[in-house]
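Engineer: Quick one: the structure is below, and I'll ask about it shortly.
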DNA sequence: TCTCATAAATGAACACGTTCATTTTTGTTG
DNA sequence: CAACAAAAATGAACGTGTTCATTTATGAGA
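Protein chains in written order, with full-length UniProt numbering: chain R, 1 to 238; chain D, 1 to 238.
Here it is, written out as C-alpha cells:
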C-alpha cells in the first residue's frame, strides 16, 4: 500500500480501483475470502484479471485496504467519540468499538493477520507495507492513554500507548479464534484486560513495574513495531 | 498428523516417509522453505510428487513434523535436564533451550507459525492437527512450574503452566521478527520475562492477581488452547 | 485533426500446491 | 508358482495466485 487511499491517481484510475475494491469486499462478504478467486473479483468488477493486479499487488492487499478503512474510522472516533476516563476504561471502550467494527469481516481479516504475523510477507505487521495502518491505529492508542484522567507523563505514556497497541493486536488474534456467539469470550477478555490495567496502573509509579513497561516497549521497538512514523525509531542496536 | 511418528506404518512405508522428510528438511535448510517446491522434495527423495502427498498431507506438514521432533527433544530435556530453581528461573532456562533448538529452522517454523495462527488452517495451533505438539510442549511448561521451588499449588500451577505455554508461543512469534544477531533482542526479552515473573510471583498469592491469572487461563481455555489432552477441557460455555 | 507519449487494460502463460484415477509392487494363500 | 488383494507409487491434470508482453484508450500539443 503506497498511500492511505488512491492518492496520486488519475480520476479514472481511482474510479476503477474503487470499483474493483468494492467487488472484492462484496464477494468476500458473500462467499468468504478463501472461496473468492481473483478471477471472480475481476469478473464481478467488469475488469480483466491483469487490471486487478494493476491496483492491488496481491489478494491480501484487499484485506489491507479494508483494514485501512477501519483504522480511519477508528481514528475519527478517537478524535471526538472517546469519552473521558481512566486508561483502563478508555482502552476497554476502544477495544469494544474495534470489535464491533471488525465483527463482520472475519474472513479477510484473518487472512490478513496470518500474513501480518509472517515476517517474510510484504504485509508483515512490522514492515513498510503496513506502516500506514500502524501509524493510524498506534495514534488511536496513544490518544487513549494521553487523554486519560490517569495518564502517565510523556515518556511512559508513549511506552504504554505502544504496548496497548500490541495488546490490541493480541486481542484481535484471540478474537479470530473465538467461536463463541457475539464474541463473548473476547469481550470478557477485554474486561479482564481492563481489570488488570486498573490493578497494575498504580504500580507503574514504582521502579520495578515501570522498568517492566520500558523493557516491553523497548522489545517492541527492537523488532520494528513502532507506531510513531515509518522510518523514525530505528532498533536500539544492530 | 495422525501419530507422533509414523506408527501404524509398514516398515517400507516408514522408510519412505523418513526419506521424504529428510529430503524436505535438507532442502528447507539449504534454500529456504518458500523456495523449496514439493516437486523439489520429491525429486530429491527419489520419489514422485504424488508419493510425497501420500505421507504428508501438505507442505506445512513437514514443518509440523519438524516441530514435533523439537518438542520431543524438549520433553526429554525437561524430564532430566531441568535444574532446580524458581518458576521464573526455570521458565527462562526452558525458553533459552528452546531458542537454541529452534535457531537453525527459522524458515519452516515461520511458515508453520503463520498457519498455526490462522484459525481456518488445519494446522491451527488450537486444532486437532496440532494436539500432539500442544500436549508435549504444554507438558514441558507444566513441569517447569510444578517442579519449581516456589510452585503454586495444584490449580494455580496448572493455570500458570498453560499461560507460560502461551507466553512461549508469543516469544517465539517475537523471535521470528527478531533480526538482531544471535537473537539478542529475544534473549533480552526472555530476561525481562524472568524479571517480571519474579516481580509478580508474590502477588499471585493476593486475590486480585490470582484472579487475573485465572481469567487469563480461562480465556485460553475458551478458545481451545488446552494442553491437557485432545478432547478434554471443553470450552466453559457454548 | 493528427501525432504520440503515457496511462489503462487485456489475457495468455507460468509456477506451484494439491488431487486422483491408474499402474506397479508386495506379500499372502492355495 | 499362480492368483489376487492390499499397499505403494505414479504423473497427468486442475485451480488459483501472479506475471508480463502486448494492445487499446486518453489527452496534450502542434
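Each residue gets a CB set at the ideal place from its N, CA and C atoms; glycine is no exception.
Mind checking the stretch 172-185 of chain D against chain R and listing, in chain order, the residues whose C-beta falls within less than 8 angstroms of any C-beta there?
Structural biologist: 173, 174, 176, 177, 178, 179, 180, 181, 184 and 185
Engineer: For residue 240 of chain D, which residues from the same chain have a beta carbon less than 7 angstroms from its beta carbon, with the 5 sequence-adjacent residues on both sides left out?
Structural biologist: Limits of chain D in this structure are 1 at one end and 238 at the other, which puts residue 240 of chain D out of reach.
Engineer: Could you check which residue in R/114, R/155 and R/37 has the C-alpha nearest to that of residue 120 of chain D?
Structural biologist: Residue R/114 is the option with its Cα nearest to residue 120 of chain D.
Engineer: Among R/223, R/127 and R/19, which has the Cα closest to the Cα of residue 45 of chain R?
Structural biologist: R/19
Engineer: My guess is that residue 94 of chain D and residue 140 of chain D are in contact by the Cβ rule of under 8 angstroms, so how many angstroms apart are they, rounded?
Structural biologist: 6 angstroms
Engineer: DSSP state of residue 230 of chain R, grouped into three classes?
Structural biologist: Low per-residue confidence applies at residue 230 of chain R: pLDDT is 40, beneath 50, and the placement is therefore not dependable, though the value from the model is reported in the following sentence. Coil, per DSSP.
Engineer: To test your reading of the DSSP string, which unbroken alpha helix (DSSP H) runs of 4 or more residues are found completely within the stretch 106-176 of chain R?
Structural biologist: 106-116 and 131-146
Engineer: Would you say residue 239 of chain R and residue 108 of chain R are within 7 angstroms of each other, going by their C-beta atoms?
Structural biologist: One cannot answer for residue 239 of chain R here, as it falls past the ends of chain R, which runs 1 to 238.
Engineer: Indicate the three-state DSSP secondary structure (helix, strand or coil) for residue 31 of chain R in the structure shown.
Structural biologist: helix
Engineer: I need the boundaries of the alpha helix (DSSP H) containing residue 98 of chain R, first residue and last residue.
Structural biologist: 87-102
Engineer: So, with DSSP's three-state summary, where would you put residue 225 of chain R?
Structural biologist: In the displayed model, residue 225 of chain R falls within coil according to three-state DSSP, outside both helix and strand.
Engineer: Excluding five sequence neighbours on each side, which residues of the same chain lie with their C-beta closer than 7 angstroms to the C-beta of residue 105 of chain D?
Structural biologist: Contacts found: 66.
Engineer: Determine, for residue 126 of chain R, whether the minimum Cβ-Cβ distance to residues of chain D falls below 7 angstroms.
Structural biologist: yes
Engineer: Put residue 3 of chain D into one of helix, strand or coil per three-state DSSP.
Structural biologist: Caution applies to residue 3 of chain D, whose pLDDT of 40 falls short of 50 and renders its modelled position unreliable; the value that the coordinates give is listed next. It is coil, neither helix nor strand.
Engineer: Residue 19 of chain D CB to nearest chain R CB: under 7 angstroms?
Structural biologist: For residue 19 of chain D, no Cβ of chain R is located within less than 7 angstroms of the residue's own Cβ.
Engineer: Considering only the beta carbon of each residue, do residue 203 of chain R and residue 209 of chain R sit closer than 7 angstroms?
Structural biologist: Their beta carbons are under 7 angstroms apart, which means residue 203 of chain R touches residue 209 of chain R by this criterion.
Engineer: Between which residues of its own chain and residue 74 of chain D is the CB-CB distance below 8 angstroms, once the five residues before and five after are set aside?
Structural biologist: Exclusion of the five residues before and after residue 74 of chain D leaves 94, 97, 98, 101, 136, 137 and 140 as the residues of its chain whose Cβ lies within less than 8 angstroms of its Cβ.
Engineer: I need the straight-line Cα distance from residue 17 of chain R to residue 42 of chain R, nearest angstrom please.
Structural biologist: Roughly 11 angstroms separates the two Cα atoms.
Engineer: If you follow the alpha helix (DSSP H) that residue 179 of chain R is in, where does it begin and where does it stop?
Structural biologist: Annotation: residue 179 of chain R is outside any alpha helix (DSSP H) and is labelled neither H nor E by DSSP.
Engineer: Identify each residue in the stretch 107-118 of chain R for which the Cβ-Cβ distance to at least one residue of chain D is less than 9 angstroms, and report them in chain order.
Structural biologist: Answer in chain order: 107, 110, 111, 113, 114, 115, 117 and 118.
Engineer: Rounded to a whole number of angstroms, what is the C-alpha to C-alpha distance between residue 11 of chain D and residue 54 of chain D?
Structural biologist: 15 angstroms
Engineer: Do we get a CB-CB distance below 7 angstroms when we pair residue 212 of chain D with the residues of chain R?
Structural biologist: Using a CB distance cut-off of 7 angstroms, residue 212 of chain D counts as an interface residue toward chain R.
Engineer: In whole angstroms, what separates the C-alpha of residue 143 of chain R from that of residue 178 of chain D?
Structural biologist: 28 angstroms
Engineer: What span of residues does the alpha helix (DSSP H) with residue 8 of chain R cover, start to end?
Structural biologist: It is not in any alpha helix (DSSP H) - residue 8 of chain R carries neither H nor E in the DSSP assignment.
Engineer: Does DSSP classify residue 56 of chain R as helix, strand or coil?
Structural biologist: coil
Engineer: Would you say residue 207 of chain D faces chain R, with C-beta separation under 7 angstroms as the test?
Structural biologist: The beta carbon of residue 207 of chain D sits no closer than 7 angstroms to any beta carbon of chain R.
Engineer: Once DSSP output is grouped into helix, strand and coil, what is the label at residue 48 of chain D?
Structural biologist: coil
Engineer: Go through the stretch 186-227 of chain R residue by residue and report every complete run of the alpha helix (DSSP H) that reaches 4 residues or more, in order.
Structural biologist: 207-222
Engineer: Quick one: is residue 223 of chain R buried, meaning 16 or more other Cβ sit within 10 Å of its Cβ, or exposed?
Structural biologist: Classification of residue 223 of chain R: buried, given that the 10 Å Cβ count is 16 or more.
Engineer: Which residues in chain D have a C-beta closer than 7 angstroms to the C-beta of residue 215 of chain R? List them in chain order.
Structural biologist: 192
Engineer: Mind checking whether residue 90 of chain R and residue 35 of chain R have CB atoms under 7 angstroms apart?
Structural biologist: no
Engineer: Any beta-carbon of chain R closer than 7 angstroms to the one on residue 199 of chain D?
Structural biologist: yes
Engineer: Taking Cβ to Cβ, would you say residue 194 of chain R is nearer than 7 angstroms to residue 72 of chain R?
Structural biologist: no
Engineer: Measure how close the beta-carbons of residue 33 of chain R and residue 125 of chain R come, nearest whole angstrom, since I'm counting them as under 8 angstroms.
Structural biologist: That pair is no contact at about 18 angstroms.
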